[in-house]
Amino acid sequence: MPVAVITGGSKGLGRALASALAERGWDLVLGARTADVLRSTADAVGAHGTRVVAVAGDVKDAGHRAELVAAARELGGLDLLVSNASVLGAEPLVRLEAQPLAGLREALETNVVAALGLVQEALPLLREARAGTVIAISSDAAAEAYETWGGYGASKAALDHLAAVLAVEEPELRVWAVDPGDMDTDLHTAAVPADQDEIRPTPESVVPGFLRLLDERPVSGRYAAPSL
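The sequence shown lines up with residues 0 to 227 when you count with numbering that gives the first Met the number 0.
Listed below in structure tokens is the structure:
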């Protein structure tokens, strides 16, 4: 069975993608910071009959990243790495004049540095896979200038660029930066609490775009899941 590691795998898009992959027979390693929520998600996803390993921890921690990859190795290898764990850098979001620098550092550390660290840890297994793939969860804020989204958007823009360079350096892999579009998630509610009554697409509604990428395996690049 193919094996995937998904960070931020306990809720939102991470959970929705995990469930869809499990339905297709994938074995999974799910990482997230909140152990009880992660365990509940792993139990629910595992009901599809595949192996699901829950690894609680912070992706900024090198030991946690090593544990995620070690768990994949125990399952037989690593075919897909999804860097989904993200932080905003300020909750709710604020204009750049008020952006806490400590929050920006945390966003960069979580959304960019930790994502690269996990790729570095996982590369040996990904290179061994028949169809090694990296998916970096991006945002339209990485490409568009939205008021108050500057810190978070800057971190996602940096992640996009890392993914683009990784694709050049690792031509045997598929490396996709995927913008899932606006979704109804806890992250968006924390970012803009005033918008919580607006109706947004569910994370489950964009998963078919990710599955199409995995099925068709287009060239490495940046994609928008809703358009797929």
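All residues carry an ideal CB built from backbone N, CA and C; glycine is no exception.
Could you tell me which of the options sits nearest to residue i, measuring between CA atoms?
i	options	result
R173	K10, I198, V133	V133
R23	M0, S9, A31, S39	M0
S82	G88, P170, G30, A61	G30
E66	L74, K59, G75, V54	V54
P202	G7, V2, A3, L16	L16
V205	R14, W148, G48	R14
L182	P225, E96, L95, E105	The identity of residue 182 in the sequence shown is Met, whereas the question assumes Leu. It is P225 whose Cα lies nearest to the Cα of M182.
Residue range of the alpha helix (DSSP H) that residue i falls in?
i	result
A70	61-74
R14	11-22
G208	202-215
A101	100-107
A193	Premise fails: A193 is in no alpha helix (DSSP H) and is neither H nor E.
Tell me which same chain residues have a C-beta within less than 6 Å of the C-beta of residue i, skipping the five on either side of it?
i	result
G56	H63
V51	L27, A41, V44, G45
A176	A135, S137, D159, A162, R221
A121	V68, L77, L80
R32	D57
D139	D178
Which of the three DSSP states is assigned to residue i in this structure?
i	result
L58	Residue identity check: residue 58 is Val in the sequence provided, not Leu. Coil, per DSSP.
T40	helix
L87	coil
D139	helix
Y151	helix
G220	strand
R126	helix
D178	strand
L80	strand
T33	coil
R27	In the sequence under discussion, the amino acid at residue 27 is Leu, which differs from the Arg named in the question. Looking at L27 - three-state DSSP - the assignment turns out to be strand.
V52	strand
V133	strand
Buried or exposed: residue i, going by 16 or more other Cβ atoms within 10 Å of its Cβ?
i	result
Y145	exposed
P179	buried
G150	buried
A114	buried
Q195	exposed
S9	buried
G11	buried
G48	exposed
S85	buried
V4	buried
Give me, in chain order, the residues of the same chain whose beta-carbon lies closer than 8 Å to that of residue i; leave out the 5 immediate sequence neighbours on both sides.
i	result
P192	P91
A157	L107, N110, V111
The beta strand (DSSP E) with residue i in it runs from where to where?
i	result
L227	Here L227 belongs to no beta strand (DSSP E), and DSSP marks it neither H nor E.
V2	2-6
Apart from the five residues just before and just after residue i, which ones in its own chain have a Cβ nearer than 7 Å to its Cβ?
i	result
L165	V118, V133, V174
A19	V206, L210
E127	G76
G7	G13, A31, N83, A84, S85
T147	L92, V93, R94
Determine whether the Cβ of residue i lies closer than 8 Å to any Cβ atom of chain B.
i	result
T49	This model lacks chain B altogether; it includes just one protein chain.
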